[in-house]
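The number in our numbering is simply the position in the sequence shown, starting from 1, with 217 added.
Following: one structure in structure tokens, then a few remarks.
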Amino acid sequence: MNYYFSDEVTLYRKPMKKIYFLKVSSLLLLTAGLLAASPKLTAGSASHFAARAATPPVVNMESFTVRDDAAAGSFVGQLTASGSNLQWQLADDETKGAFRLDASGRIYVNNTTLLQSNRGKLISLFVSASDGVETSNLAEITIAIQDTYINIPPTLDPIADRAVCAGRGADTIQLTGMSAVEPDQTYSLVAIADLPMLETLQVTNDGQLTFRVKTGINAGACMVTVMIKDNGGVRNGGQDTRTRSFNITVNGIPNVGIVSDKGTVVPKGELLTLTASGADHYSWTPAPGLEGETGAATVTVKPVKTTRYEVVATNNSGCQDTAHIDIRVVADFIIRANNVLTPNNDGRNDRWIIQSLEDYPENEVIITDRAGRVIFKQRNYSNTWDGKLNGQRLAEGTYFYTFSVFNTVTKTTDVARGYITILGD
Ligand SMILES: [Ca+2]
218 MNYYFSDEVT LYRKPMKKIY FLKVSSLLLL TAGLLAASPK LTAGSASHFA
268 ARAATPPVVN MESFTVRDDA AAGSFVGQLT ASGSNLQWQL ADDETKGAFR
318 LDASGRIYVN NTTLLQSNRG KLISLFVSAS DGVETSNLAE ITIAIQDTYI
368 NIPPTLDPIA DRAVCAGRGA DTIQLTGMSA VEPDQTYSLV AIADLPMLET
418 LQVTNDGQLT FRVKTGINAG ACMVTVMIKD NGGVRNGGQD TRTRSFNITV
468 NGIPNVGIVS DKGTVVPKGE LLTLTASGAD HYSWTPAPGL EGETGAATVT
518 VKPVKTTRYE VVATNNSGCQ DTAHIDIRVV ADFIIRANNV LTPNNDGRND
568 RWIIQSLEDY PENEVIITDR AGRVIFKQRN YSNTWDGKLN GQRLAEGTYF
618 YTFSVFNTVT KTTDVARGYI TILGD
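Printed below as a string of structure tokens:
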């Protein structure tokens, strides 16, 4: 057997291929051992031997390319070497199994997963060819694994425009349709607004978009753009992003007021008209004394006790506010006075006496008979009426009084009504 090693053959090109170096070291040791044992060989440099007889095959240094999406069994290339009746062997494969080499020197794709995991790389196979007598040196064959991957852009459903009412706190939109498309990819979401109208704008990767309009912004609109980005890259014309935009419109809330045509302090049974303003639609809340239509700006109420009337007001943009008005019903006004007169000057019940009259300054007394004729009328009454008209005693019977006094607290006139019976001796 004759062996030939040439200094010109660089077997191991890359520093990373320590494993091959080790293998070749053992190969060299093995070769050296064989050489030492052979009586045909002359002494010489360990790496430089002269051939005596047959020439071993020499593998042609070739490079091949293969697409990363090639199917298992796809033909990659045919190796060539000098010599004939060659038997080929694969000594090592940098991909640990993406390729196989048949005995005739044909390289095929062996494992697509390994092939794809090496996409974009230039990998090495180490091969040798034997003619049955002589075996070639190990030769490095390089294969460029083309990266043909085209990333499909991620998906995100369109996002509907959103209208919000000013000063209403945070709002949340659930985004839908997020996908990187390729199952081995992940994605992330970001959102930006084109105008500085939002105090917060956040989107989580599960699609919860939250925003809050800045305090003090009562009207306006901005456009929010959401971008989904996957990790598939953009090489070979692929796309890794998609954007969706939508508008946020801020509508003002109504400034609602209520007025009463008779003020807010009324006597029991008073009929009032309440009118709300500041919005486009109104809905009065049912309450005692509120009757009839409750869906108009104006309602009539007849409270029998102090009552709060509330209205929900909505403007045409759908923003609402509420307002209320408290109608205070003053209690019935009662005076303490004798309701019997015996005008005989005996000192008892000779005059109509109102107790604590000094508490009612600015009063007026009117006394009528059954027919409604005014018998007596006096401003600032002083407990003097003696049941007489023009100095003559009135006929026995029932007479009616009206005692009016201006209430300085309620700014209304309190009226007490009752009857007085005039008896004879
Ligand atoms: Ca994708």
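Backbone N, C-alpha and C fix where the C-beta goes; we use that ideal spot for every residue, glycine too.
Residue environment, residue i, which counts as buried when at least 16 other CB atoms sit within 10 Å
i: I470; result: buried
i: H265; result: Only weak support exists for where H265 lies, its pLDDT of 47 falling under 50; the coordinates are left without a value.
i: E311; result: buried
i: A289; result: exposed
i: D285; result: buried
i: E510; result: exposed
i: G449; result: buried
i: N532; result: buried
i: Y636; result: exposed
i: I544; result: buried
i: D447; result: buried
i: D457; result: buried
i: G535; result: exposed
i: A287; result: buried
Residue i - DSSP class collapsed to helix/strand/coil
i: T492; result: strand
i: S334; result: helix
i: T329; result: helix
i: G480; result: coil
i: G437; result: strand
i: N643; result: Because the chain here runs from 218 to 642, residue 643 falls outside it and cannot be looked at.
i: E575; result: helix
i: M444; result: strand
i: D631; result: strand
i: K522; result: coil
i: N468; result: strand
i: Q306; result: strand
i: Q537; result: strand
i: N580; result: strand
i: L244; result: Unreliable placement is indicated for L244, whose pLDDT of 45 sits below 50; the coordinate value is still reported in the next sentence. In the structure shown, L244 sits in a helix (DSSP, three-state: H, G or I).
i: Q391; result: strand
i: Y366; result: coil
i: N396; result: Note on identity: in this sequence residue 396 is Ser, with Asn being the wrong assignment. Strand, per DSSP.
i: Y199; result: For the chain, the structure presents residues 218 to 642; residue 199 sits outside this window and is missing.
i: I194; result: The structure shown does not extend to residue 194, since the chain is modelled only from 218 through 642, so no value can be given for it.
i: S621; result: strand
i: G641; result: coil
Residue i Cβ short of 7 Å to ligand 1 heavy atom set
i: I201; result: In the structure as shown, the chain begins at 218 and stops at 642. Residue 201 is therefore absent and cannot be evaluated.
i: G449; result: yes
i: Q333; result: no
i: D364; result: no
i: G457; result: First, the residue type needs correcting, since residue 457 is Asp and not Gly in the sequence shown. At least one heavy atom of ligand 1 is nearer than 7 Å to the Cβ of D457, so yes.
i: A397; result: yes
i: Q295; result: no
i: Q537; result: no
i: Q402; result: yes
C-beta atoms of residue i and residue j nearer than 8 Å
i: N308; j: S280; result: The sequence shown places Ala at residue 308, not Asn. Not closer than 8 Å, so no.
i: L558; j: G604; result: yes
i: Y618; j: I639; result: no
i: T359; j: S396; result: no
i: N453; j: T365; result: yes
i: V528; j: T539; result: yes
i: R379; j: F463; result: yes
i: L342; j: L303; result: no
i: A436; j: N472; result: no
i: V430; j: A383; result: yes
i: T523; j: R568; result: no
i: V293; j: Y325; result: yes
i: E581; j: R596; result: yes
i: L339; j: A320; result: no
i: I445; j: L406; result: yes
i: A514; j: S494; result: yes
i: C439; j: I465; result: yes
i: T460; j: D478; result: no
i: G474; j: K519; result: no
i: I367; j: G300; result: no
Below-8 Å beta-carbon distance, residue i vs any chain D residue
i: T460; result: The structure shown contains no chain D; it is built from a single protein chain.
CB-CB length for residue i against residue j, believed under 8 Å
i: A633; j: F620; result: 4 Å
i: Y598; j: I571; result: 7 Å
i: V443; j: L426; result: 7 Å
i: D388; j: V381; result: 5 Å
i: T546; j: V483; result: Residue identity check: residue 546 is Val in the sequence provided, not Thr. Between V483 and V546 the Cβ distance is about 6 Å, and since that is below 8 Å, they are a contact.
i: S353; j: A298; result: 6 Å
i: G608; j: R587; result: Incorrect: roughly 22 Å between the Cβ atoms, too far for contact.
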